[in-house]
Amino acid sequence: MLAGADEAELRKCKLSHQKARYIRELALKVAGGYDLNRIGKMSNREAIEELMKFKGIGRWTAELILITTLGRMDLCVPNDLGARKAVSHFYFDGKLQSGDAVRKFAERWGRFKGWVIYYLICAYNMESRNSAKRGLRVIRER
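If you count the sequence shown from 1, position 17 lands on 17 in our numbering, and the numbers rise without skipping.
Encoded structure:
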């Protein structure tokens, strides 16, 4: 279905021109026989490298795809701003950490790091909403 859509139709979904083009290109490859199921049989490293071969998919997107579609909760997306803010808030006195720092920090949870980061993001979001209601600011950016 996506392979048959033109970029103008995809743009109606509020996608940028570039994102619409990338999505259409990927859909055409899948329609042409590329087997996305093979990614599920790869290691995390191999799957990330394979996904990053597609235009428009970087490490952040590849990690998120593996977590959300394949349940690879031994991964996390440390460059995600929400993950960075949550870890920074609960473990670094609110000082915003880099993605590399969050990746290193998350290693302590091994194969559960995806779950831990997910719950930290949820807790941070709940606390942020409650603080916003009281007029407080939760994270301090450098």
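Glycine included, C-beta positions come from ideal geometry on N, C-alpha and C.
As the structure is a prediction and not an experimental result, all values here were calculated from the model.
Whether residue i touches residue j by CB criterion (8 Å)
i	j	result
Val87	Val102	yes
Lys104	Leu96	no
Leu10	Arg24	yes
Arg59	Ile48	yes
Ala62	Ile121	no
Rounded C-alpha distance that separates residue i from residue j
i	j	result
Leu15	Asn79	22 Å
Phe143	Lys133	In the structure as shown, the chain begins at 1 and stops at 142. Residue 143 is therefore absent and cannot be evaluated.
Ile65	Ser128	26 Å
Val30	Ala5	14 Å
Leu28	Tyr22	10 Å
Lys19	Gly56	7 Å
Tyr34	Leu26	9 Å
Where residue i sits in the DSSP three-state scheme
i	result
Lys95	strand
Phe54	coil
Asp74	coil
Cys13	coil
Asn79	coil
Tyr22	helix
Nearest candidate by alpha-carbon position, reference residue i, set the options
i	options	result
Phe90	Gly32, Asp6 and Ile117	Ile117
Phe112	Asp74, Ala8 and Lys29	Asp74
Gly40	Gly33, Leu28, Thr69 and Cys13	Thr69
Start-to-end residues for the alpha helix (DSSP H) that takes in residue i
i	result
Gly114	Lys113 to Lys133
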